[in-house]
Amino acid sequence: MTFKAVESGRRNFLKILGGGVILAAGAGSLFALTRTPTKAIEPWKLALGPDANADPRHIILSHAILAPNPHNRQPWVVDLGTEGEITLYCDLDKRLPHTDPYDRQITIGLGCFLELAMLTAKEIGMNADLQLFPEGENFPRLDRKPVARIKLTKDATVKPDPLFAQILERRSNKDAFDTSQSVQELDTLSILAVAKNNVATGSITEKTNIESMRKLTREALLVEMHTYRTNKESIDLMRMGKSEIEASPDGIDMGGVFLETLGLLGQLNRDDLVNPESSAFKNGIPIILEPLETAMGYVFIKTDGNTRADQIAAGRDYVRMNLKATELGISMHPLSQALQEYEEIAPQFEEIRNKLKIAPQETLQMFARIGYGEKPNPSPRWNYEAKIRSS
Ligand SMILES: Cc1cc2nc3c(=O)[nH]c(=O)nc-3n(C[C@H](O)[C@H](O)[C@H](O)COP(=O)(O)O)c2cc1C
0 MTFKAVESGR
10 RNFLKILGGG
20 VILAAGAGSL
30 FALTRTPTKA
40 IEPWKLALGP
50 DANADPRHII
60 LSHAILAPNP
70 HNRQPWVVDL
80 GTEGEITLYC
90 DLDKRLPHTD
100 PYDRQITIGL
110 GCFLELAMLT
120 AKEIGMNADL
130 QLFPEGENFP
140 RLDRKPVARI
150 KLTKDATVKP
160 DPLFAQILER
170 RSNKDAFDTS
180 QSVQELDTLS
190 ILAVAKNNVA
200 TGSITEKTNI
210 ESMRKLTREA
220 LLVEMHTYRT
230 NKESIDLMRM
240 GKSEIEASPD
250 GIDMGGVFLE
260 TLGLLGQLNR
270 DDLVNPESSA
280 FKNGIPIILE
290 PLETAMGYVF
300 IKTDGNTRAD
310 QIAAGRDYVR
320 MNLKATELGI
330 SMHPLSQALQ
340 EYEEIAPQFE
350 EIRNKLKIAP
360 QETLQMFARI
370 GYGEKPNPSP
380 RWNYEAKIRS
390 S
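The numbering of the sequence shown is numbering that gives the first Met the number 0, which starts it at 0 and goes up by one.
Following this line, the structure appears as structure tokens:
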């Protein structure tokens, strides 16, 4: 949840308080200023420009770490031991075993990372030779073997990609969209058109289909929230308030004046949020579902199979689509619940595949709502230096 979402959800959160102490409207702007997790969002400002003297790998990494990734776990870790090479590994502790039992989504996030690395390499005139899973793919879970190796060489003939310009502007927008503004078919098509890694893309733009998808995404989110272990996985990753966000700039950031205040007053705690009987849980549901009702269309990515290379390709193309949407001023928000592979979600998993006409051997890799919305603040990041493995 973004800071803005929290602010705009203020009236709703008052219900959670149920008549408790309320921060007066307009109060707390000084508090707000001091509670922005400035350090956690610094990596968005620090992405290094094409400085001729810098190690190009650092320039590349400072951009790649801004990639979208599930629950903002930032599962990447790199080895720079060999000159001119970046070897990418998955940090196995950052996986999501309950909502992502086969590491499919984590691998997609690593694909997003690789695409931003490739775009940055081009931007600084480097040829990047990318080899996926150089020691073999790993199933059913990822393991310690490398995910990718990139060999970099200077190459004056490399052409920059205009999508690079959107890396610092890109967001996942989890807030409500403007329901008075439709997304034009042509714009949707130009978002789909930037996919180039041998995946298939599709969209939903027709009103009745959008309505039935809103219902399905809502149901899927409710299943995730009412399944104790999948809900707990998210709740455990919530960073509530500035000090938690700054201490661990990853996971699901819950910041902003209002939530900070609730936290300080002891009105918001993890035990309540995993307990469907608590009023925090019950009153929170409509707030969490609200943005889903404002979807103005959807885009999706499917692959013929479900190899690790397919998942990486889906990630590379997902972030390309997210960057293109950014260029067009269109917000995107992945909604992955119905795509997940755990038992309780099976009915919604089947239903979304049927609705999108996914063939039995195909895999639905990404599904996101689109629309127009206010640009959220950037999400927290660990600096790239924290992600370099020391050997
Ligand atoms: C594979 C994948 C699945 C995702 N699924 C969801 C999702 O179901 N719901 C959601 O709110 N965000 C989802 N996201 C978006 C991430 O939460 C987001 O990328 C992360 O918090 C970082 O924020 P940013 O994209 O604004 O930098 C997903 C991202 C990826 C790459």
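The beta carbon of each residue, even a glycine, is placed where N, CA and C say it ideally should be. Just so you know, these numbers come straight off a predicted model, no measurement behind them.
Residue i in three-state terms, based on DSSP
i	result
residue 339	coil
residue 320	helix
residue 238	strand
residue 299	strand
residue 189	helix
residue 311	helix
residue 200	strand
residue 104	helix
residue 21	Confidence at residue 21 is low in this model, with a pLDDT of 36, below 50, so its placement is unreliable and no value can be given for it.
residue 173	coil
residue 332	strand
residue 382	coil
residue 0	Residue confidence for residue 0 is low, a pLDDT of 33 falling below 50, so the modelled location carries little weight; the figure read from the coordinates is stated next. Coil.
residue 92	helix
residue 26	Interpretation of residue 26 is limited by its pLDDT of 41, a score under 50 that renders its predicted location unreliable; the figure taken from the coordinates is listed afterwards. Three-state result, residue 26: coil.
residue 114	helix
residue 141	coil
residue 81	coil
residue 375	coil
residue 150	strand
residue 230	helix
residue 126	strand
residue 369	strand
residue 35	coil
residue 87	strand
residue 363	strand
residue 131	strand
Residue interval of the alpha helix (DSSP H) (run including residue i)
i	result
residue 43	42-45
residue 349	345-354
residue 283	278-288
residue 207	206-225
residue 59	55-63
Cβ-heavy atom distance, residue i to ligand 1, below 7 angstroms
i	result
residue 170	yes
residue 107	yes
residue 386	no
residue 336	yes
residue 320	no
residue 68	yes
residue 71	yes
residue 332	yes
residue 239	no
residue 394	This structure leaves residue 394 out entirely; the chain is present only between 0 and 390.
residue 165	no
residue 365	yes
residue 301	no
residue 89	no
residue 247	no
residue 173	yes
residue 104	yes
residue 378	yes
Contact belief for residue i with residue j at Cβ below 8 angstroms, rounded distance in angstroms
i	j	result
residue 193	residue 323	4 angstroms
residue 302	residue 362	5 angstroms
residue 228	residue 97	5 angstroms
residue 175	residue 372	7 angstroms
residue 298	residue 211	16 angstroms between Cβ atoms; not a contact.
residue 313	residue 364	4 angstroms
residue 85	residue 46	Rounded, the Cβ-Cβ distance is 16 angstroms, inconsistent with contact.
residue 338	residue 213	The Cβ separation is near 16 angstroms, so there is no contact.
residue 198	residue 300	5 angstroms
residue 145	residue 87	7 angstroms
First and last residue of the uninterrupted beta strand (DSSP E) at residue i
i	result
residue 165	Careful: residue 165 lies outside any beta strand (DSSP E) and carries neither H nor E.
residue 269	Not the beta strand (DSSP E): residue 269 falls in the alpha helix (DSSP H), residues 269-272.
residue 388	Counting along the chain, residue 388 falls outside any beta strand (DSSP E), and DSSP gives it neither H nor E.
residue 52	It is not in any beta strand (DSSP E) - residue 52 carries neither H nor E in the DSSP assignment.
residue 252	251-253
residue 99	Looking at the DSSP string, residue 99 is not in any beta strand (DSSP E), and its letter there is neither H nor E.
Closer than 7 angstroms: residue i CB and nearest ligand 3 heavy atom
i	result
residue 295	Of the ligands one can find in the structure shown, namely ligand 1, none is ligand 3.
CB contact below 8 angstroms: residue i versus chain C
i	result
residue 375	Here chain C cannot be found, since the structure has a single protein chain.
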